[in-house]
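If you read the sequence shown in this note's numbering, its first letter stands for residue 980, the second for the next number, and so on.
Here a beta-carbon is modelled for each residue, glycine too, at the ideal position from N, C-alpha and C.
A short worksheet on the structure shown next.
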Amino acid sequence: MASPHFKRIRTLEREAAAMLEARGYVVLQFKDQEAPGHLFATRDDHGLFITLMRVHDSFSGIEEVTKCYGGIIRHLRNFPRPEDYHFEIWVFVFSTGRWQYYRIGHNEVTEVDHGG
């Protein structure tokens, strides 16, 4: 039986997938029982590999994001990728009910606006 944490991540996966599909993406959800919370989304102009996270309070800045998710960021930077694909961490903030989006570049992490 999945832990409550994983069940909540599955709900966030469905929400994120619906949001992406509404913007014209084709979305693949990975069904890894040991590590849920990963999506791959693509459309004609680019693709996204997304890692979903959840926190109680919003991050105040990029420094806080890199401190919290440093291991994941280092791991993602080790993967070669085509120029038209991006790695992102999407963080659902329970206290506000909103998403924060961060793109993982080769040398920096930037906040991006996907709306919603």
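Burial state of residue i, where buried means 16 or more other Cβ atoms lie within 10 Å
{"i": "Ala997", "result": "exposed"}
{"i": "Thr1030", "result": "buried"}
{"i": "Gly1016", "result": "buried"}
{"i": "Leu1007", "result": "exposed"}
{"i": "Glu992", "result": "buried"}
Beta-carbon proximity check, residue i vs residue j, cutoff 8 Å
{"i": "Ile1041", "j": "Val1091", "result": "no"}
{"i": "Phe1038", "j": "Val1005", "result": "no"}
{"i": "His1065", "j": "Leu1027", "result": "yes"}
{"i": "Tyr1121", "j": "Glu1067", "result": "The displayed coordinates of the chain run from 980 to 1095. Any statement about residue 1121 would go beyond what the structure contains."}
{"i": "Arg987", "j": "Arg1056", "result": "no"}
{"i": "Thr1045", "j": "Ile1051", "result": "no"}
Secondary structure of residue i, DSSP reduced to three states
{"i": "Glu1067", "result": "strand"}
{"i": "Thr1045", "result": "helix"}
{"i": "His1017", "result": "strand"}
{"i": "Arg993", "result": "helix"}
{"i": "Arg1082", "result": "strand"}
{"i": "Arg1002", "result": "coil"}
{"i": "Arg1033", "result": "strand"}
{"i": "Gly1050", "result": "helix"}
Limits of the beta strand (DSSP E) - the one that residue i falls within
{"i": "Glu1090", "result": "Val1088 to Val1091"}
{"i": "Thr1075", "result": "Segment: none, Thr1075 is in no beta strand (DSSP E) and carries neither H nor E."}
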